[in-house]
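In our numbering, the protein residues as written are 2 to 196.
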């Protein structure tokens, strides 16, 4: 009775939607952190793709550079996850609140690259197409380097996990051989005693 009650309490503590129990992260917190980081990664990736389209747009319209509002409207066409953020930013932009729009964008995105992109948006009207293209190229290179670093970390984590599984399997096989050897010796000893 008490063991089943203890089991129920442990299951409840593990599965409860609390962030910390006894100053330790719960599985719920780990899951939320994982989902949040995945969502931020998707937002960053979507903005990166939109920036790639923006670079292509700037190259095509190099003779007649488009205005910042047109550029942001075109970026908005290439978004899905971040579309509500871009829509609100565009609304603020058209009302003449460019600094507030950029500040909102940075806060709403809440990613590593949001600050860089927000400052780039603030400078859209002041940059000529060549400078803007160079800024976008630098941003893309920085994003690629961060993605490569993240992939290396993920690959390293996976290799450590595979190594741990191999080591645990090897240890269990060796332990199995030791136990079998011990049991065989024990059986031989019993057989000699019985004779």
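A virtual CB, placed ideally from N, CA and C, is assigned to each residue, including glycine.
All of these numbers come straight from a predicted model, not from anything done at the bench.
Check: Give me the Cα-Cα distance between residue 108 and residue 102, rounded to the nearest whole angstrom.; Outcome: 10 Å
Check: If you draw a straight line from the alpha carbon of residue 55 to that of residue 82, how long is it in whole angstroms?; Outcome: 18 Å
Check: CB-CB under 6 Å to residue 198, same chain, minus the five flanking residues each way: which ones, in chain order?; Outcome: For residue 198 there is no data in the structure shown, the boundaries of the chain being 2 and 196.
Check: So, helix, strand or coil for residue 65, using DSSP?; Outcome: coil
Check: Under 8 Å between the Cβ atoms of residue 74 and residue 91?; Outcome: yes
Check: Let me check understanding here. Comparing Cα to Cα, which of 129, 47, 69 and 136 lies closest to residue 110?; Outcome: 47
Check: At the level of alpha carbons, what is the spacing between residue 128 and residue 38?; Outcome: 33 Å
Check: If you measure between the beta carbons of residue 140 and residue 61, is that distance less than 8 Å?; Outcome: no
Check: Where does residue 124 sit, in a helix, a strand or coil, going by DSSP?; Outcome: coil
Check: I'd like to check one pair, residue 121 with residue 136: are the Cβ atoms closer than 8 Å?; Outcome: yes
Check: Does the Cβ-Cβ distance between residue 68 and residue 126 come in under 8 Å?; Outcome: yes
Check: Please classify residue 156 as buried or exposed, where buried requires at least 16 neighbouring CB atoms within 10 angstroms.; Outcome: exposed
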